[in-house]
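Q: One structure is given below, represented as structure tokens, and several questions about it will come after.
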Amino acid sequence: MSPKIIDRLTIRRPDDWHLHLRDGAMLQGVLPESARHFGRAIIMPNLVPPVVTAAHAAAYRDRIMAALPDGMAFQPLMTLYLTEDTDPADVARAHADGIATAVKLYPAGATTNSASGVADFDKVRPVLETMAEIGMPLCVHGEVTDPDIDIFDREAAFIDKVLKPIRKKTPDLRVVMEHVTTQNAVDYVRDSSKNLAATITTHHLIINRNHILAGGIRPHYYCLPVAKREKHRVALVQAAISGDKRFFLGTDSAPHTDARKLQECGCAGVFSATNTMSCLAEVFDAARKLSQLEAFASLNGPAFYGLPASEDTITLVRGAPVDYPAHIDTGEGPVTLFNPGFPLHWHVET
Ligand code: NCD
Ligand code: ZN
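Under my numbering, think of the first position of the sequence shown as 1, with each following residue one higher.
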């Protein structure tokens, strides 16, 4: 018997557990693209200057809410950018007051706007101890920055050199390995009994490193961590469709203007907010696992963060391929939308 073909799917409203909204005109341009489908998002703090204190986070949250178009509902869940000078008491206060949901660890120099990140992990030990006590999650950009380590090996090296020691010293710390890109990370999360989860982006479920480099260089697919070889992409898809509560969606939608992507040293980041739900439905449908899309996009994330799943729903419908714009216009210039490289038959019904 052939499996029943599904052409409509209603799921709880999804959340995005890793999102870059930027600030100013860019924020204004990209926020509606996320708020259209997503109820909540973990907002990355890598502005220039970064969102370090509770006061910064509260002010940034206010700017996000001010940029939200009338009639749209969206809850930004703020994060604090961990520096070697972060004050544990300020972090605890931000958490208790509901201003910050998580703290973000960038190894210094790992990615876009990470210069103020952590170089000496012992210096942030008091903050991590405090977070373990109060149950505040640490979101981790899991790449070492050692120039001697090959860029394709930086995630795997981070697990051994940084993450394992941190988790050994602070076993009660709740950690989200963000935007995992390797089989190694998937295995590490699967093998750990508690306090560890991972987000997976839309684009890492779809592209491997050939998409970036074979037959010409495609800057719009360049992001960090960089996409790896095909076997890793397959491992990510397996994790995402498995229903395993430790894996959930974090798009890492990271807008840069085309001018900043297409230059001699182009910025890292893929912008996928607009068509993420269509892309995910296509990926889950191809794997005959549409039944697990809700767990990945709408249930597992809130469960890890100790928040209720959304009471609201969205409906995905399968039909003729949907035309998304190639780019969205922002006050800072055009931002190219992620191109999955295949037709998108699923769209969110309005
Ligand atoms: C992000 C950005 O542009 O802020 N870029 C990216 O390639 N993902 C930073 C990050 O999350 O690493
Ligand atoms: Zn990111």
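Even glycine gets a Cβ: it sits at the ideal position worked out from N, Cα and C.
For MET277, list the residues DSSP reports as bridge partners.
A: Residue pairing from DSSP leaves MET277 without any beta-bridge partner.
Q: Does the distance from the C-beta atom of ASN208 to that of ARG174 stay below 9 angstroms?
A: no
Q: Is it true that the CB of THR251 sits closer than 9 angstroms to the CB of ASP16?
A: Cβ atoms of ASP16 and THR251: closer than 9 angstroms.
Q: If you follow the beta strand (DSSP E) that THR10 is in, where does it begin and where does it stop?
A: 8-12
Q: Measuring only the C-alpha atoms, how far is VAL283 from LEU205?
A: 8 angstroms
Q: Expressed to the nearest angstrom, what Euclidean distance is found between the alpha-carbon atoms of CYS279 and ALA273?
A: 10 angstroms
Q: Tell me whether PRO147 sits in a helix, a strand or coil according to DSSP, three-state version.
A: coil
Q: In chain order, what residues of the same chain lie with their CB nearer than 7 angstroms to the CB of CYS267, ignoring the 5 residues before and after it?
A: THR112, HIS256, ARG260 and LYS261
Q: Any chance the CB of ALA254 is under 8 angstroms from a heavy atom of the ligand ZN?
A: yes
Q: Determine which residues share a DSSP beta bridge with ALA198 and list them.
A: MET177 and PHE247
Q: Using the Cβ count rule (16 or more neighbours within 10 Å means buried), how would you classify SER193?
A: exposed
Q: Pick out whichever of HIS232, GLY39 and ILE99 has its Cα sitting closest to the Cα of MET72.
A: That would be GLY39, whose Cα lies nearest to the Cα of MET72.
Q: Mind the definition here: the segment 48-64 touches the segment 78-97 only if three or more C-beta pairs lie below 8 angstroms; say whether that holds.
A: yes
Q: Roughly how many angstroms lie between the CA atoms of PHE248 and LEU307, to the nearest whole one?
A: 14 angstroms
Q: Mapping DSSP to helix, strand and coil, what is GLU128?
A: The question names Glu, yet the displayed sequence has Leu at residue 128. In this structure, LEU128 counts as helix in the three-state DSSP scheme.
Q: Where does ASP187 land, buried or exposed, given buried means 16+ other C-beta within 10 angstroms?
A: exposed
Q: Please tell me whether GLU129 and PRO69 are closer than 9 angstroms, where the distance is taken between their beta carbons.
A: no
Q: Can you check whether the CB of LYS123 is closer than 9 angstroms to the CB of MET44?
A: No, the pair does not count as a contact, with Cβ atoms beyond the cut-off.
Q: I want to know whether the segment 139-154 touches the segment 222-234 - three or more CB-CB distances under 8 angstroms.
A: yes
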